Each structure stands twice: as structure tokens, then as C-alpha cells.
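Before any comments, here is the structure.
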Ligand SMILES: Cc1cc2nc3c(=O)[nH]c(=O)nc-3n(C[C@H](O)[C@H](O)[C@H](O)COP(=O)(O)OP(=O)(O)OC[C@H]3O[C@@H](n4cnc5c(N)ncnc54)[C@H](O)[C@@H]3O)c2cc1C
Ligand SMILES: Cc1cc2nc3c(=O)[nH]c(=O)nc-3n(C[C@H](O)[C@H](O)[C@H](O)COP(=O)(O)OP(=O)(O)OC[C@H]3O[C@@H](n4cnc5c(N)ncnc54)[C@H](O)[C@@H]3O)c2cc1C
Ligand SMILES: Cc1cc2nc3c(=O)[nH]c(=O)nc-3n(C[C@H](O)[C@H](O)[C@H](O)COP(=O)(O)O)c2cc1C
Ligand SMILES: Cc1cc2nc3c(=O)[nH]c(=O)nc-3n(C[C@H](O)[C@H](O)[C@H](O)COP(=O)(O)O)c2cc1C
Ligand code: FES
Ligand code: FES
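Chains as they are written, first to last, in this note's numbering: chain A, 1 to 315; chain B, 1 to 315; chain C, 1 to 288; chain D, 1 to 288.
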């Protein structure tokens with residue numbers, strides 16, 4: 001039974017990864033689960049310099065989701081390399097490093113510096129953080145800027161590049177195509193969705209940053225639709241994410257056209273989720289008599305899946 | 001204690017209305033609740049001719065929400081006037097008629113025909129239905145087209161015009177401003193969000209229409225942020241909606257800047273929601289010693305609310 | 001489009017002629033209903049009895065209630081269930097656990113509360129004492145919708161019950177106790193005849209068809225087969241359709257089925273114009 | 001930014017010196033824990049006892065568990081609670097019902113299951129037999145975090161307990177049973193002295209301060225007042241901070257508090273570097 005997939009030159013032992021910012025630098029979860037069972041470890045977004053992040057409250061729970069405005073707190077490239085890389089480097093599964101900047105040049109610089117590290121799996125370009133004013137979202141909602149960022153990183157590294165798209169657009173298609181055209185090897189869809197909450201007792205926005213990014217099961221139907229549309233518009237593979245918390249969720253994304261998936265918010269409340277999904281995929285494939293998980297990619301498109309009659313129970 | 005608010009020339013006895021498409025033509029709910037207690041009755045979207053709508057399945061339940069692709073089934077203007085208007089006309093509270101078309105001319109024609117009816121409260125222009133290819137969403141995601149539609153309707157009627165905006169945009173601000181500039185008296189924010197679900201047993205999209213609109217508590221944090229932003233960009237009043245199911249939800253929207261709110265999906269599972277919210281608002285105002293509900297509109301903006309210290313318990 | 005004629009105040013209309021149903025039917029109420037009993041019947045089937053004094057006395061056979069299962073916090077919609085039995089101010093449901101709603105329901109205990117919306121929909125036409133002999137055809141939980149009809153029918157008849165296996169054959173004894181003849185089929189032959197429920201029905205109709213009327217509730221393929229048999233023998237048949245529902249009261253337009261009209265067909269609502277339709281009205285082709 | 005130095009394999013570090021905490025601390029586990037008892041204490045306070053053999057024996061005073069309340073389907077996050085008592089392979093929590101999570105928890109029954117992540121965080125430094133005399137200061141459920149410290153401390157001391165009213169004064173008898181002296185204050189004077197908890201503390205320190213160390217858990221204004229008293233008297237003080245948490249294990253960076261550094265301040269995680277901090281480390285000004 002084959003679970004391995006390729007994300008633009010990067011081989012993943014299985015299609016289940018984790019979402020940047022929900023898995024720290026991997027080391028924090030090492031006591032709770034065997035990281036080497038994952039498809040890949042994806043670390044919290046880093047930029048060139050250390051980042052203090054936003055004031056608190058940074059996170060608020062909402063119905064079937066949460067809104068965060070962490071503000072990309074992080075140690076910067078040097079801090080990351082010093083504090084976390086020695087641990088990550090010894091893992092058997094690939095590490096994908098999520099990066100961002102406040103200018104095209106900064107993105108390229110971070111890419112260049114990480115290119116020099118040995119053993120990096122891929123770089124994920126976060127052009128869609130809803131919590132950063134300069135940088136972040138602006139690159140993800142302007143196709144021309146997006147193209148520049150991707151092209152500059154492409155020139156700076158030979159590592160596989162994954163562009164993480166913003167959901168906050170009229171149509172994901174031009175962004176997916178811009179990233180592909182500029183040399184991105186894969187796409188991550190989606191980042192959290194701009195949102196807010198108000199505390200009716202204090203009559204103030206709950207988050208110190210006022211707005212933040214909505215994540216968790218509440219956004220899954222939105223994410224799935226974006227993956228579905230992007231998968232039909234580009235040839236590069238997609239890592240699907242947004243509210244995934246069980247095997248059926250992961251299958252929905254794969255059937256919509258994702259080559260791999262990432263577990264995000266669920267790590268916070270159910271740290272075993274990614275491993276449970278890997279086991280669930282195996283069980284599903286056994287039941288369905290599938291030799292290769294890749295047979296499922298995009299199978300929900302007309303003419304690709306099975307006839308509605310041939311239903312079976314899934315795990 | 002005053003609960004009355006003005007929506008661009010239309011006086012509502014209280015700020016709690018219902019969302020188009022979730023309340024039929026009012027008559028269906030008449031057995032379950034006293035319609036005359038509402039702020040207004042808002043009816044299902046109608047266009048010039050009868051509309052058959054999409055094939056089934058048209059609706060699927062998802063985590064804390066649902067996705068619908070009804071396809072604006074309806075009796076057309078004549079059918080509406082014949083079958084439903086005599087009942088609606090005798091209500092003591094205003095009726096807001098939600099309209100749509102597949103061309104600028106059709107919007108204007110529907111507006112003109114309804115202008116001839118006596119007793120209509122307002123027209124709500126649905127330029128944001130995610131389930132209609134021509135018409136619907138396209139007018140809501142192109143500011144120039146939006147402006148044309150609103151201007152054409154403005155020329156066709158003296159009834160108050162409420163433009164119902166699409167959430168599926170990079171920023172709501174230019175759309176809110178375009179509607180205002182073209183003569184809209186108010187805004188409704190937001191329509192359902194484009195989304196989808198896949199049935200992993202059949203390996204097919206659940207909805208016959210493939211994609212649909214996500215509604216319910218899962219979208220509330222997105223809707224709230226759009227209301228917050230639009231309220232700071234325009235002077236016309238806003239009817240806030242998206243996942244409202246209790247008094248606290250309604251207060252969040254009002255504090256974010258909405259003058260009125262609409263209860264949508266909650267009508268399906270809890271038909272008393274709107275009336276409970278009206279009672280809840282009264283109780284909140286009593287506890288907080290507020291004489292006028294309008295004191296709360298937009299109070300979560302800096303400098304408008306109270307200091308965080310002065311907290312009290314709300315209902 | 002929904003059929004017109006209804007700007008007047010809503011009024012009682014269950015059992016009313018099908019020709020011009022108003023958009024609003026039997027006066028429904030929303031009511032909190034306390035669970036009296038909730039016990040396993042066979043296999044995945046449970047029987048639930050609740051106190052619902054505003055609803056129970058007014059239920060017509062084939063009508064349903066739309067149930068809000070309150071512990072199901074992240075699944076919002078109510079679930080529709082036929083009213084199985086009525087006794088004083090209580091009513092019973094017979095339900096199969098198939099998903100998160102029914103499973104959460106099965107975990108609820110006496111004393112806990114549900115919210116019920118009902119009675120909803122157009123039910124079956126109760127046979128007249130001098131009318132056709134009723135033949136009821138049920139698959140699985142379809143039995144639930146037919147029991148009240150049998151009980152209220154002044155004319156006794158036959159019940160055809162089918163299921164995959166023995167555990168799917170419900171309330172056989174109850175129908176016999178009403179004095180009805182019961183014919184059981186199971187697909188695996190573990191109880192009654194081996195086969196599908198429409199086989200003994202076909203045999204019965206071949207023996208003697210005139211003066212019979214069919215009433216059916218069960219999976220769509222079964223309903224279509226019953227419709228075909230009715231057509232072959234020129235008999236009337238009322239079918240109770242199963243559609244996913246949003247509101248249950250006619251506003252969301254999720255539950256529609258294609259119904260023939262003079263000019264072709266239109267969508268009508270299972271929750272309001274249905275769930276019971278004359279088989280000749282259903283435009284099966286349009287549903288494909 | 002989070003403090004570095006931690007690419008090595010995670011290791012036990014509760015009670016370790018505060019100077020260079022690695023990003024990962026006491027080996028935590030996730031474990032399903034069955035409820036043994038869940039009963040009301042006074043007013044809105046409940047005591048919960050669960051079997052958690054992988055966690056209970058390893059808990060240090062001031063550490064917490066992150067609890068997933070499974071019936072709370074649409075509220076996703078775990079809730080943090082200090083470990084109140086430990087006995088063999090069971091542990092107890094003392095919690096106040098304030099919102100949907102704690103209210104759902106209060107409705108749970110023995111036999112039902114929770115998911116626990118723990119032990120988490122850096123707790124209090126257990127006093128040495130020859131060390132300072134511990135003065136514990138608690139507001140409301142802050143008592144829960146301090147009981148284990150009193151129990152494990154070879155040196156007995158004083159406990160200052162405050163609350164709004166009588167019902168907020170928890171486990172007074174338990175502290176006395178350990179041989180500690182307890183000073184009670186309530187804001188309404190319904191039990192003990194009338195006033196706030198820092199008043200008798202201030203009086204005590206005026207009487208005799210040297211050789212004392214403060215340990216406090218409660219609302220932020222109380223913690224700041226305790227910090228000021230410690231500063232005035234030049235005493236050490238460990239404060240347990242209360243921050244809303246996401247993950248509880250150091251990855252989401254939701255729970256940060258400003259901590260002084262050589263150059264100024266940086267955000268550190270309440271769940272990992274805390275919840276207990278030396279009062280001198282906290283950059284209160286930056287939090288405003
Ligand atoms: C008029 C009518 C009468 C019914 N009477 C009975 C009865 O007496 N006994 C009984 O066991 N069942 C009955 N059903 C079917 C019952 O409504 C479903 O089994 C139930 O809704 C499943 O809910 P779930 O959460 O367990 O399943 P899930 O699959 O988790 O439900 C997901 C969604 O799909 C809907 N759904 C799933 N299956 C069905 C279905 N077969 N029909 C309609 N909606 C469905 C649910 O309501 C929910 O909105 C009836 C259905 C209708 C339309
Ligand atoms: C380290 C630590 C130890 C704690 N120990 C105890 C204890 O022993 N006993 C006790 O009763 N309480 C304790 N608390 C507080 C407890 O976590 C909250 O009361 C609880 O999370 C409230 O959940 P809720 O769903 O009832 O409230 P809601 O207001 O509905 O919760 C909404 C969200 O806010 C968070 N939240 C709300 N209040 C607090 C708070 N005061 N602190 C942290 N998060 C909060 C919730 O976790 C949840 O994510 C502790 C908190 C921390 C950080
Ligand atoms: C607390 C938090 C922090 C995040 N930080 C990052 C980040 O640093 N970089 C990034 O690209 N995405 C970040 N994300 C977005 C997630 O990677 C993911 O795209 C999003 O949460 C949707 O997935 P989910 O619903 O499974 O969480 C963060 C999300 C959360 C909840
Ligand atoms: C079944 C259904 C039908 C709807 N039909 C319409 C419609 O005809 N016209 C319209 O403007 N909005 C329509 N909407 C959108 C709602 O009016 C509302 O904007 C949206 O559902 C968000 O609010 P909610 O989350 O409270 O439902 C419909 C929504 C649902 C769920
Ligand atoms: S279920 Fe809503 S119209 Fe029938
Ligand atoms: S709660 Fe997530 S880092 Fe502390």
C-alpha cells in the first residue's frame with residue numbers, strides 16, 4: 001500500500017503534514033507523538049529578524065473555531081537555526097520552513113539563508129498572514145506582488161517552494177496561477193480567514209489586534225472549495241488545510257484535489273490527530289481496496305470518482 | 001426605552017429582522033410567532049420570472065453551519081404579488097423584499113414593478129448570491145457593475161434601497177462605498193460564503209450544484225469583521241447578519257457598527273430566535289441603564305465604548 | 001416554485017384535498033418535550049416516547065415531527081421523524097441510529113428534553129370504512145410511518161414488511177395485534193420469506209388487485225417499485241418520500257421533489273406538500 | 001521570541017532553575033481520564049477527581065493540566081486547571097463554573113471521560129526545610145494551585161485566603177489539617193476579616209518580614225499587590241499567572257506575558273516558562 005506523495009520534488013512518506021504556527025518547531029510535540037510518523041513537520045513562520053508579536057489577548061475561541069492574532073512571534077532566522085535546526089535536522093521526515101518578510105527582498109534573503117542549511121525539505125512562503133500589516137496579506141491579495149515574491153525566492157533557492165495562498169480573494173484561480181507561473185512548486189491552501197470577535201461585556205474587540213485569522217472546523221467548507229477550484233486551474237500539487245480534524249476531513253481535501261493535507265488548529269486540542277488520520281487513511285485504503293493514495297487525488301471531479309451507487313462505509 | 005431604528009428612511013420598531021431565504025414569505029412562520037413583533041419581515045429573493053432552482057441535494061449540514069445551493073427558487077414578481085403580498089401587506093411591521101436579476105435592466109424592472117405596490121418597506125438588492133452563475137455574485141464582486149445595478153434601481157424606485165454585499169472580496173470597503181455612492185440607503189452584510197462539501201462514500205460533491213453558500217454560526221466572526229470595516233467606511237446604516245443565534249451575537253454586530261441585525265439560519269432550528277433576541281436586548285438595556293439602543297451602535301470602536309474595567313454580566 | 005393561493009391566514013389543512021394545497025398546513029407548534037422512555041428495540045433501532053401535549057393529539061398518520069437534539073451542539077439542523085404512535089399527550093418515534101444525530105438521540109435519558117416542531121407535512125389519506133382495502137408496504141423504519149395509519153384505518157388490510165435481516169423487521173406483533181395480516185421478507189432469509197418486500201406484494205396483486213390501495217414508506221428504490229406495481233395494476237398508491245430537510249416548515253426549499261404539472265413539472269416541498277404524495281404526481285425522471 | 005537552547009531531546013525540567021528554561025519541559029502525556037467524583041464544594045465551586053495514572057504521580061505543585069471537555073463539541077479548546085490534590089494515580093481539580101466549559105464539566109458524571117494533557121508548566125519552588133517561611137496568598141480558585149505546595153512543603157507557614165464572600169473561601173479546613181495557620185478575609189465580611197486578602201498580609205509583613213517568602217495565585221490585581229508588598233519588604237515572591245491558553249504546550253504563543261530581559265523585555269509563555277514566575281521578572285508595564 002503506497003501512501004507516499006510528491007510535493008514538487010519533495011517526497012513525503014505520507015500525505016499528512018501539520019500547519020505552520022500550530023506545531024511550534026516540532027520539538028514541543030516530540031514528547032506526545034513520534035514526529036517521524038508524519039508526512040512532514042512544518043514550523044512556525046519566521047522572518048529575518050526576531051519578532052516580538054502582538055500584545056495579548058492574541059487568541060479567542062469562537063463557535064467551532066478560534067481567531068488568532070499572534071503576530072508571527074519568532075526567533076528570526078539566526079535564532080531558528082541556533083535553537084531549533086539541530087533538533088529538526090535529525091528527523092527522518094522532511095521539515096518545511098514557513099517564511100515571510102515585509103518586502104520582496106526580505107523574502108528572498110530569508111530563502112537564500114535557509115538554502116544554505118543542509119537538509120531543509122522545502123520552504124513555504126507565507127504571503128497570507130492576516131495579522132501583519134506590512135507584509136503578510138498584502139502579498140497574497142495582489143497577483144503582481146505575489147508573482148514578484150515567488151520569483152525572487154525562486155531565484156534565491158533551489159529548495160522546493162510552496163506558496164501559501166490567502167483565502168481572502170474573489171477567486172483563488174489567478175493567485176494559484178500567478179504562483180505557478182513564477183516558479184512555485186506547490187501551493188498551500190488555505191491560511192486563516194480575517195475575522196473578529198467583540199466582548200459584549202467590555203464593549204471592545206476581544207483581540208488586542210482587533211482582527212485576527214479564523215481557523216478550525218468552521219472554515220473547512222471554505223477551504224475545501226478553494227482547493228477544489230485551484231486544483232482545476234494549476235498542475236502543481238496542493239497541500240490542503242483548514243479545519244481538518246479526522247480522516248473523513250482529510251479525504252474530502254484529497255478527493256477535492258489536494259496531494260497532501262495539513263492538520264492545524266486540531267493539534268491544539270487533539271495532538272494525536274495527524275497520526276490518527278494516517279492510520280485512518282490506511283484503513284480506508286484497505287477497505288476500499290486501494291493500492292495507492294494517489295488514486296484518490298481529485299477523484300471527486302466528474303468522471304474521476306466512482307458512481308454514486310457504489311457506496312461503502314468509511315472509517 | 002427606545003428600540004426603534006432607521007434604515008435609510010425606513011423606520012423599524014426594533015433592530016431585529018430576519019435574513020432573506022430563511023423566512024420564506026413570512027406566512028410560513030405566522031403560526032409559530034407573532035410577525036408583528038419583528039423589526040421587519042424580509043422575504044426570499046425574487047426575480048422577474050418564476051425560478052425552478054437547482055436540483056437536489058440543495059443543502060448539507062457542516063460543522064456549526066450549513067451549505068445551501070437552493071438556486072433562488074421562487075414564484076417571480078407576479079406570483080409573489082398574487083400569492084404572498086396580500087398577506088404581507090396586512091402586517092404592521094415593514095416588509096423588505098429581496099430582489100435579484102441576471103442583468104442590470106432586470107434588477108431595475110423588478111424594482112420598478114415593486115415600486116408600484118403599496119406598502120413595501122424597502123427593497124434589498126441581492127448582488128451576492130453564491131449559487132447563481134449569471135446574476136448574483138458577479139454583480140457583487142465587481143464595484144463598477146455593482147454601482148450600475150444600484151444606480152439603475154435607484155432610478156427605478158423611491159423605495160429605500162438596501163444593497164446586500166458579498167463577503168467574497170479582498171476588502172468590503174470599495175463595495176460598500178460604491179453602493180453608497182450609487183444611492184443605496186443601507187447595506188446588508190453578509191450573504192453566505194462560497195463553500196463546498198464532499199461525500200467521501202460516494203466520492204462526489206454533496207450538493208448537486210457542487211458549491212453553495214456557507215451560513216450559520218461558523219461564519220459569524222467573518223461577518224462581524226466585514227460589518228466592523230464597512231461601518232467605518234460609509235455613513236449609511238448597516239444590517240448585520242451571519243450566524244446570529246442569540247442576544248450576545250446580535251450585540252456584537254450592533255457594537256461593531258450595525259444599526260440592525262438579521263437572523264438567518266437559526267430560524268431553521270430555533271424559530272423563536274429573533275423574538276428571544278428582542279427580549280434579550282430589552283433586558284440588556286435595562287441592566288445597562290440604556291435608554292436607546294442606538295447608543296450601542298458602533299460602541300466597540302476606540303473612544304466609543306466604555307472602559308474595559310466597567311464590566312457587567314449580560315443576559 | 002411553490003404553489004400559490006395562500007396569503008390568507010394559515011389554517012388547518014392536513015388531509016385536505018391535494019389539488020390546491022396552501023403553502024402552510026396543519027397548525028404546527030414548537031414545543032419542549034420531555035423524554036419518558038428511550039430504549040433499544042432490535043439492532044440499531046430505538047423507540048422514543050416523549051410528552052408533547054400540544055402536538056400528540058393532533059397528529060395525522062404519515063405526519064412527522066422535526067426534532068432538535070439539544071446535545072448536538074455543532075450539528076445545527078433538526079432531524080425529521082415520522083410519528084409512530086400516539087397515546088394521550090405522548091407520542092412515540094421509532095428510529096434507526098445512522099449518524100451523529102440519531103446516535104446522540106440514542107444516548108439521551110428519560111427526563112431530558114428535546115425540542116419538537118410538529119405536526120408537520122401532509123400525511124396519508126385514512127381509508128374509509130367502505131373504501132379500498134389498504135396494502136401497506138414498509139422497508140426498515142418505514143414501518144414507523146405506517147403504524148398510525150393501520151391503527152386509525154377502519155378497514156383492515158395487509159402489511160408487507162421488508163428488511164435486510166431479522167433485526168430490520170419492526171413491530172410485526174403490533175400490526176398483528178391490530179388484526180392486520182403481516183407478510184415478512186428479509187434479504188438474507190433470516191426471518192419470513194427470503195427476498196425483497198415487493199415480491200410478495202407482486203404475488204398478492206397478481207392473485208387479486210382490484211379494490212386495493214397501496215401505502216408505502218421506505219427507501220426510494222422500494223417506493224419506485226411500489227409505484228410501478230400500482231401503475232401496472234391501475235391501483236392508487238400513496239408514497240411517503242424521504243428527503244433531507246432544513247427547516248421542515250416550508251421556507252428553506254431544501255427538501256423539494258419534482259411534481260408533475262399541466263405543463264411539465266415543478267419542485268414541491270416534501271415537508272409541506274409531502275412527505276406523502278400520490279405516486280402519479282411524482283416526476284421521477286426529473287429527479288435524475 | 002521564545003528562549004532558545006533547545007534542539008536537544010526534550011527532558012524533565014519542572015523545578016529546574018529559571019535562568020535557562022528549554023522550550024520544552026516536564027515530559028507531558030495525553031491521557032484519557034475517567035471521572036471518579038465531581039461534586040459541588042460551595043457556591044459555584046466544584047471538586048473533580050479523576051484517575052490519571054500517567055500524570056498524577058508526576059505533578060509538581062503549581063503545575064496544571066489542560067482538559068478537553070468532550071461534550072463541548074462546538075468549543076474546541078482545552079481548559080487549564082491547576083492540580084489541586086494528588087492521591088496515588090488520581091488527581092483532583094477545584095474549579096469555579098464561569099462559562100460554557102466549566103459549566104459543561106460540572107454536568108459530567110462519574111464514569112465519564114475527559115482527556116488530560118499534563119503535567120504542564122513550571123510550578124512553584126518547594127520550600128526547603130531550612131529555607132524561608134512560606135506565606136501563601138490565594139484569591140478564589142487560586143487556593144487550588146497552593147494546596148499541593150503546602151502539602152509538599154517541609155516548612156509550615158501561613159495561608160492568606162481571600163474572596164468576595166463566604167462561599168469563595170475554599171479548603172480552609174484542609175490547610176489547617178496540614179498544620180498551617182489560615183487567615184481569612186472576605187470583601188463582604190461574611191467570613192473572617194472584612195477586606196481584601198492583601199490587608200492582613202501587609203499587617204503580617206509589617207509585624208515581621210525577614211525570612212519570609214511569598215507564593216501567590218489569584219486575580220491579577222491581587223498578584224500585583226503581592227508583588228508590590230514583596231518589593232517593599234525585599235522579599236522573594238513567586239506568582240502564578242492566569243492567561244488564556246490555546247495549546248497549553250508552548251506552540252501557539254497565545255499565553256505570553258512580558259518578561260524582563262537584559263535589554264528590555266520579551267514575551268514568554270505562561271504555559272511553558274510559567275505559570276509561576278518570580279515577581280521581579282514580570283514586566284507589568286509592558287502588559288498595559
Ligand atoms: C419525513 C421523514 C420521516 C422520517 N421518519 C423516520 C423515522 O420514523 N425513523 C427513522 O429512523 N428515520 C426517519 N427518517 C430519517 C431520519 O430523518 C434520518 O435518519 C436522520 O435525520 C438521520 O440523522 P443523523 O444525524 O443520525 O444522520 P447524519 O447522516 O449524521 O445526518 C446528516 C444530515 O442528513 C440528514 N439525513 C440523513 N439521513 C437522512 C434521511 N434518511 N432522511 C432525511 N434526512 C436525512 C439529517 O437530518 C442531517 O441533516 C425520516 C425522514 C424523513 C424525511
Ligand atoms: C494555569 C492556569 C490554572 C488555572 N487553574 C484553575 C483552577 O484550578 N480552578 C479554576 O476554577 N480555574 C482555573 N483556571 C482558570 C480556568 O482555566 C478558566 O476558568 C476556564 O478555562 C474557563 O472556561 P469556561 O469555558 O468555563 O469559560 P469561558 O469564558 O466560556 O471560556 C472561553 C475561553 O476563555 C478561556 N478562559 C476563560 N477564563 C479564563 C481564565 N480565567 N484563565 C484562563 N483561560 C480562561 C477558556 O479556557 C476558553 O478558552 C486556571 C487558568 C490557568 C491559566
Ligand atoms: C495560532 C496560529 C498560528 C498560525 N501561524 C501561522 C504562521 O506562522 N504561518 C502560516 O503560514 N500560517 C499560520 N497559521 C495558519 C495555519 O497554518 C493554517 O493555515 C490555518 O490555521 C488553517 O488550518 P486549521 O483550520 O487546520 O488551523 C496559524 C494558525 C494558527 C491557528
Ligand atoms: C437556505 C438559504 C437561502 C437563502 N436565500 C437567500 C436569498 O434568496 N436572498 C439573499 O439575499 N440571501 C439568501 N440567503 C442568505 C441569508 O439571507 C444570509 O445572508 C446568510 O445565510 C447569512 O446569515 P445566517 O448565517 O444567519 O444564515 C439564504 C441563506 C440560506 C441559508
Ligand atoms: S425542509 Fe425547508 S422547505 Fe422543506
Ligand atoms: S497556550 Fe499555546 S503557547 Fe502557551
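Even glycine gets a Cβ: it sits at the ideal position worked out from N, Cα and C. Note that the coordinates shown come from a computational prediction; the quantities given were computed from them, not determined experimentally.
Backbone secondary structure at residue i - three-state DSSP
i, result
"residue 126 of chain B", "strand"
"residue 54 of chain A", "coil"
"residue 87 of chain C", "strand"
"residue 138 of chain D", "strand"
"residue 236 of chain A", "coil"
"residue 199 of chain B", "strand"
"residue 115 of chain C", "strand"
"residue 47 of chain A", "coil"
"residue 74 of chain C", "coil"
"residue 126 of chain C", "coil"
"residue 270 of chain C", "coil"
Whole-angstrom distance between residue j and residue i, CA atom to CA atom
i, j, result
"residue 106 of chain B", "residue 76 of chain B", "12 angstroms"
"residue 281 of chain C", "residue 96 of chain B", "35 angstroms"
"residue 141 of chain C", "residue 244 of chain B", "35 angstroms"
"residue 212 of chain A", "residue 221 of chain B", "10 angstroms"
"residue 163 of chain A", "residue 188 of chain A", "6 angstroms"
"residue 295 of chain B", "residue 286 of chain B", "13 angstroms"
Spatial neighbours of residue i in its chain, beta-carbon cut-off 7 angstroms, leaving aside the 5 residues before and after
i, result
"residue 344 of chain A", "The first residue shown for chain A is 1 and the last is 315, placing residue 344 of chain A beyond what the model contains."
"residue 68 of chain D", "78, 114, 115"
"residue 300 of chain B", "255, 256"
"residue 73 of chain B", "51, 52, 53"
Burial state of residue i (16 or more Cβ within 10 Å)
i, result
"residue 112 of chain C", "exposed"
"residue 118 of chain A", "exposed"
"residue 22 of chain D", "With a pLDDT of only 40 at residue 22 of chain D, under 50, the local geometry of the prediction cannot be trusted, and the value read off the model is given with reservation. Looking at its Cβ environment, which holds 16 or more other Cβ atoms inside 10 Å, residue 22 of chain D is buried."
"residue 24 of chain C", "With a pLDDT of 40 at residue 24 of chain C, under the threshold of 50, the predicted position of this residue should be treated as unreliable, though the coordinate-derived value follows. Classification of residue 24 of chain C: buried, given that the 10 Å Cβ count is 16 or more."
"residue 305 of chain C", "Because chain C spans 1 through 288 in this model, residue 305 of chain C falls outside it and cannot be assessed."
"residue 44 of chain B", "buried"
"residue 194 of chain C", "exposed"
"residue 70 of chain D", "exposed"
"residue 242 of chain C", "buried"
"residue 68 of chain B", "buried"
"residue 249 of chain A", "buried"
Own chain partners of residue i with C-beta closer than 8 angstroms, once the 5 adjacent residues on each side are dropped
i, result
"residue 147 of chain A", "178, 179, 181, 182"
"residue 260 of chain C", "280, 281, 282, 283"
Close Cβ partners of residue i (< 6 angstroms) along its chain, the five nearest in sequence each way excluded
i, result
"residue 48 of chain C", "38, 93"
"residue 5 of chain B", "12, 15, 259, 260"
(request) Anything in the region 244 to 278 of chain B with a Cβ closer than 7 angstroms to a Cβ of chain A? List those residues in chain order, please. (result) 248, 251, 252, 255, 256
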